[in-house]
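Residue numbers (the working numbering): 837 to 1001.
Heads up, the beta-carbon is just placed ideally off N, CA and C, and yes, glycines get one too.
Take a look at the structure set out below.
Below, the structure is given as structure tokens:
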């Protein structure tokens, strides 16, 4: 598996992978698929030097992606990022998420990030296990905060400090 910075040409594949998770109600709070056009502003918020967006590849095929996103949008939180990982259906549970998260943790100090967060639904056990496997602890629990397919769902906040270089 190769990991590289995402390019504009990758956005349709990024959105397609994201949209594979919408119907399940396990991974994302979106309840309808999103369009490529609706994700352009989000894509533009990422840059290799500050808030990377990576794609994982097998040859030319995009297997998944990882993004660092700024937390809360105020300067005092510049060292904190939310991490999101999305994988193609056939890649889930096969190690791609671990490889992306391992690289994310190792790379964080190089972009001035000292704290990584994940926002994961309480019923998303595979993602909770993935982050816990990589040293994230449960830092918050927001009970019944989301309504997905008629069911109230909890949001778990996981976090991890990263040693600066």
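Shortest Cα-Cα distance from residue 897 to any of 867, 928, 911, 846 involves 846. Excluding sequence positions up to five before and after residue 867, its CB lies within less than 8 Å of the CB of 858, 861, 984, 985, all in the same chain and listed in chain order. Under DSSP, residue 868 forms no beta bridge with any residue.
Under DSSP, the beta-bridge partners assigned to residue 918 are 905, 953. If you check the CB distance, residue 973 and residue 987 do not come in under 9 Å.
If you look at residue 939, you'll find it in the alpha helix (DSSP H) that goes 932 to 943. Annotated as distal: residue 962 and residue 856, with beta-carbon spacing of 9 Å or more. The region 871 to 880 and the region 964 to 981 do not touch, with fewer than 3 CB-CB distances between them shorter than 8 Å. Judged by DSSP secondary structure, residue 979 falls within the beta strand (DSSP E) whose first and last residues are 973 to 984. For residue 957, the closest alpha carbon among the candidates 936, 990, 891, 901 is that of 990. Between residue 906 and residue 889, the C-beta spacing is not below 9 Å. Around the beta carbon of residue 954, 16 or more other beta carbons lie within 10 angstroms, which makes this residue buried. DSSP places residue 999 outside both helix and strand once states are collapsed to three, so it counts as coil. Leaving aside the five residues that flank residue 872 on each side, the residues in its chain whose CB is nearer than 6 Å to its CB run, in chain order, 847, 848, 851. At a Cβ-Cβ threshold of 9 Å, residue 967 and residue 997 do not count as neighbours. Residue 942 sits exposed, since fewer than 16 C-beta atoms from the chains shown fall within 10 Å of its C-beta.
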